[in-house]
Amino acid sequence: MRKVVDSNFLRSNGLRDYLAGSPKNLALLTDYAAMEAYKGDTLLSIQGSMEILAEFPSQVLVLKNTLVACGLHGRTSGLQRRFIDESQTKGFSAYCRQLAAARTGDPTLIRKLMEHGEEAKRHLEERMLSDAKTLPTTIETVAKGYTAQELAILRNDEPYSEEMIKKLVLGVLRTAVAMFKEHPRVQHLPNQKDMPNTFIFRAALSAYLLALDWIAIAGPKAAFGASHKKLRNDMVDINFVAYATYFDDLLTNDEKTIRIYDKARLLLWRVFGCQISGLNA
Numbered sequence: 001m002r003k004v005v006d007s008n009f010l011r012s013n014g015l016r017d018y019l020a021g022s023p024k025n026l027a028l029l030t031d032y033a034a035m036e037a038y039k040g041d042t043l044l045s046i047q048g049s050m051e052i053l054a055e056f057p058s059q060v061l062v063l064k065n066t067l068v069a070c071g072l073h074g075r076t077s078g079l080q081r082r083f084i085d086e087s088q089t090k091g092f093s094a095y096c097r098q099l100a101a102a103r104t105g106d107p108t109l110i111r112k113l114m115e116h117g118e119e120a121k122r123h124l125e126e127r128m129l130s131d132a133k134t135l136p137t138t139i140e141t142v143a144k145g146y147t148a149q150e151l152a153i154l155r156n157d158e159p160y161s162e163e164m165i166k167k168l169v170l171g172v173l174r175t176a177v178a179m180f181k182e183h184p185r186v187q188h189l190p191n192q193k194d195m196p197n198t199f200i201f202r203a204a205l206s207a208y209l210l211a212l213d214w215i216a217i218a219g220p221k222a223a224f225g226a227s228h229k230k231l232r233n234d235m236v237d238i239n240f241v242a243y244a245t246y247f248d249d250l251l252t253n254d255e256k257t258i259r260i261y262d263k264a265r266l267l268l269w270r271v272f273g274c275q276i277s278g279l280n281a
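When we follow the UniProt record's numbering, the leftmost residue of the sequence shown carries the number 1, and every step to the right adds one.
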């Protein structure tokens, strides 16, 4: 089993139970999980967040960061393998030893960890918070595309109508195409067959489902009253969702993230024709 680990699950006994259950159970670590682990009091936070993984270093796969993932092609062959950062995965045991050395007071390693912490803080507290400010307007715009009857379907968690599926597909495609055109790692638009397997497409789908979740649970205007930090956390969570759709599961304690992940997998399989673990058997 290969399961992506949400940052909120890194200190969970459930993670230890999963890894101890079988040497074939692998934990997949993303760049946002690492950034979340570094934020706050870096030296204490990173030690606590990596403690369980450090007990099972050979069962950790480090995934390529989001910037690189966005540039990966979507051909089915070798899809999972392309996301694995072989170098960082091989070096994870050494990284755990460095954490242990930093805990004993090694000044060079402490300085290095603090630098990572500052970079994580800049990304999460500055760039991501800035992006989060636009989320309420996006949610409201998505809601305006649905009729009163369709909004009731969303609120009641009923099966989407054919027309709602069409709107979802069009909305996701528009978002994905805009992201493809703006991203520095993308040279050209992928073809129709490969596009649903690209990270950008799955991130766009996850973001659209986040908007629908806000609309269904709290209402289309509720996000305007939410803190930017909460909205930022939502954006981080859909990054975990996008990565996890390529593998066997997502280890998380967050109910909203689970809802979005389950819907993303189902739509990728039923609507977009992707090979999804556990659904194509």
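C-beta atoms are modelled at their ideal positions from N, C-alpha and C, and glycine is treated no differently.
On a CA-only basis, which of Glu162, Ala143, Lys166, Glu163 is nearest Arg155? Give me that one, please.
Residue 155 sits at position 155 when you count from the first residue of the sequence shown. By alpha-carbon distance to Arg155, the top candidate from Glu162, Ala143, Lys166, Glu163 is Ala143.
Taking the beta strand (DSSP E) that Ala102 falls in, what are its first and last residues?
The residue you call residue 102 lines up with position 102 of the sequence shown. That residue, Ala102, is in no beta strand (DSSP E); its alpha helix (DSSP H) goes 92-103.
Do Ile260 and Thr252 have their C-beta atoms closer together than 8 Å?
Within the sequence shown, residue 260 is the residue found at index 260, counting from 1. Within the sequence shown, residue 252 is the residue found at index 252, counting from 1. Cβ distance not < 8 Å, so Ile260 and Thr252 don't count as in contact.
Is Leu28 closer than 8 Å to Lys3 when the C-beta atoms are compared?
As a first step, residue 3 must be located in the sequence shown, where it is residue number 3. As a first step, residue 28 must be located in the sequence shown, where it is residue number 28. Yes.
Which residue's Cα is closest to the Cα of Val236: Leu19, Leu15, Met35?
Residue mapping note: residue 236 aligns to position 236 of the sequence shown, counting from 1. Ranking Leu19, Leu15, Met35 by Cα distance to Val236 puts Met35 first.
Buried or exposed: where does Asp234 fall if 16 or more other Cβ atoms within 10 Å of its Cβ makes it buried?
Here residue 234 corresponds to residue number 234 of the sequence shown, with the count starting at 1. Buried: at least 16 other Cβ atoms inside 10 Å.
Would you say the segment 239-249 touches the segment 122-138, given that touching needs at least three Cβ pairs under 8 Å?
no
For Leu72, which of Asp213, Thr138, Gly273, Arg202 has the nearest alpha-carbon?
Sequence index remark: in the sequence shown, residue 72 carries index 72 (1-based). Closest by alpha carbon: Arg202.
With a cut-off of 8 Å on the beta carbons, I'd call Ala33 and Leu61 a contact; round off their distance for me.
As a first step, residue 33 must be located in the sequence shown, where it is residue number 33. As a first step, residue 61 must be located in the sequence shown, where it is residue number 61. Contact doesn't hold; Cβ gap of about 12 Å is too wide.
Does DSSP put Ala27 in a helix, a strand or coil?
Locating residue 27 in the sequence shown gives position 27, where the first residue counts as 1. The answer is strand: DSSP assigns Ala27 an E or B state.
Which same chain residues end up closer than 8 Å to Lys24 when comparing Cβ atoms and leaving out the 5 residues on each side of it in sequence?
On the sequence shown, position 24 is the one that residue 24 refers to. Taken in chain order, the residues that qualify are Met1.
To which residues of the same chain is Glu55 closer than 8 Å at the C-beta, ignoring the five residues directly before and after it?
Taking the sequence shown and counting its residues from 1, the one referred to as residue 55 is at position 55. Cβ within range, chain order: Arg16, Leu19.
Once the 5 residues before and after Ile52 are set aside, which same chain residues still bring their CB inside 6 Å of it?
Start at 1 with the first residue of the sequence shown, and residue 52 comes out as number 52. Only Leu15, Arg16 meet the Cβ criterion.
For the segment 92-103 and the segment 203-220, state whether three or more C-beta atom pairs, one from each stretch, are separated by less than 8 Å.
No, they do not touch.
What are the residues that DSSP puts in a beta bridge with Lys3?
Counted from its first residue, the sequence shown places residue 3 at position 3. In DSSP, Lys3 forms a bridge with Ala27, Asp249.
What is the residue span of the alpha helix (DSSP H) that Val241 lies within?
Along the sequence shown, one-based indexing puts residue 241 at 241. Run containing Val241: 228-244, per the alpha helix (DSSP H) assignment.
Measure the CB-CB distance between Lys39 and Ala101 and report whether it falls below 8 Å.
Numbered from 1 along the sequence shown, position 39 holds the residue referred to as residue 39. Numbered from 1 along the sequence shown, position 101 holds the residue referred to as residue 101. No, Cβ-Cβ distance for Lys39 and Ala101 is not below 8 Å.
Can you give the Cα-Cα distance for Thr104 and Leu44, rounded to whole angstroms?
The residue labelled residue 104 in the question sits at position 104 within the sequence shown. The residue labelled residue 44 in the question sits at position 44 within the sequence shown. Whole-angstrom Cα-Cα distance: 12 Å.
Work out the CA separation of Asp106 and Glu118 for me, nearest whole Å.
Here residue 118 refers to the residue found at position 118 of the sequence shown. Here residue 106 refers to the residue found at position 106 of the sequence shown. Cα-Cα distance, rounded: 19 Å.
Please work out which residues of its chain come closer than 8 Å, Cβ to Cβ, to Ala222, disregarding the five sequence neighbours upstream and downstream, and give them in chain order.
In the sequence shown, the residue the question calls residue 222 occupies position 222. When the five nearest sequence neighbours on each side are left out, the beta carbons in the same chain lying within less than 8 Å of the beta carbon of Ala222 are those of Trp214, in order along the chain.
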